Every structure is written in C-alpha cells, then in structure tokens.
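Chemist:
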Ligand SMILES: [Zn+2]
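Numbering (our numbering), first residue to last: 1417 to 1549.
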C-alpha cells in the first residue's frame, strides 16, 4: 500500500498531503499549486529561471527583481558545476603512463621526449607528477 498526496502524486507517509504541500499549508500559502520538481539538474534550474525571467512582468518590480536574482544565482550555480567538469581534456590519458615513461627513457630527457611527443615540457612534468605517484 502506498498513499499519495491529495494534490500531487508524491508518496506520503501519513495525512493527506505530501511534505511540500503540507509546508505550504503550514505557511498559509496557496496549497493547490504544482510543486517544482525535486532533483533538477543545474541546467534545468538555469533553463527554468531563464524562462521565468523572460515571462516576468516588467511592471511588477518585485517579481522582476526576484526573477533576475534567481536567474543570476542559477547561472552562477550552473557555472560552478560546469567548471568542475569543464576544462581541457588531458593530453595523455592516465593509462598511457607506461608508454609515456618509456618514451622519456628512450629519449633520454624530458626535454627531448617532449619535443618528440610534440608537447610542452611542463605538460610532461605535470603528467608524470600526476600519474607517477
Ligand atoms: Zn503534494
């Protein structure tokens, strides 16, 4: 048996309303509204904020400012998440470590190996420091 909210279809443990609608009732807000989906990705939050900002009534200063503020926060959060995953991919994947090390030993020096592999010396130093330990 699984009970669901009287307004939306979220599962509930007791009562008639889900936590989100219960909270709205508690705060004296309009209860019969659709709640925003939980677990939205930063991109979905940003897209929703952008649409809300585009639809915001420019005559209503408070709503307009709130939409602009939400869009700014969503964009910042999205940029932060993106920055963690973003950036340039590594020149050599970690599993090529043995091959790269063999190339360095064969060339005799990092400088010669870097020239042969057509990368910067610091790229090679960084790679060895990152993968070698
Ligand atoms: Zn509900």
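Note that beta-carbon positions come from the ideal geometry of N, C-alpha and C, so glycine has one too.
Just so it is clear, the structure is predicted and the values come from calculations on it, not from any experiment.
For ligand 1, I want to know if residue 1512 counts as a neighbour, meaning its beta carbon is within less than 7 Å of at least one of the ligand's heavy atoms.
Modeler: no
Chemist: Tell me the rounded alpha-carbon separation between residue 1527 and residue 1539.
Modeler: 11 Å
Chemist: What are the residues that DSSP puts in a beta bridge with residue 1509?
Modeler: Residue 1509 pairs with nothing; no bridge assigned.
Chemist: Kindly give me the distance between the Cβ atoms of residue 1423 and residue 1447, rounded to whole angstroms, as I take these residues to be in contact under 8 Å.
Modeler: 7 Å
Chemist: How many whole angstroms separate the CB atoms of residue 1497 and residue 1535, which I take to be in contact at a CB cut-off of 8 Å?
Modeler: The pair is not a contact, with the Cβ atoms about 29 Å apart (cut-off 8 Å).
Chemist: Can you tell me where the alpha helix (DSSP H) holding residue 1538 begins and where it ends?
Modeler: 1537 to 1547
Chemist: Taking its Cβ as the centre, do 16 or more other Cβ atoms sit within 10 Å of residue 1541, making it buried, or is it exposed?
Modeler: exposed
Chemist: Counting pairs of beta carbons, one from the region 1509 to 1523 and one from the region 1478 to 1494, are three or more of them closer than 8 Å?
Modeler: no
Chemist: With a threshold of 16 other CB atoms inside 10 Å of the CB of residue 1454, please say whether the residue is buried or exposed.
Modeler: exposed
Chemist: Residues near ligand 1, CB to any non-hydrogen atom under 6 Å, in chain order?
Modeler: 1421, 1423, 1424, 1426, 1433, 1434, 1436, 1437
Chemist: Within the same chain, show all residues whose beta-carbon is closer than 6 Å to that of residue 1512, passing over the 5 residues directly before and after it, in chain order.
Modeler: none
Chemist: Less than 8 Å between the C-beta atoms of residue 1479 and residue 1469, yes or no?
Modeler: no
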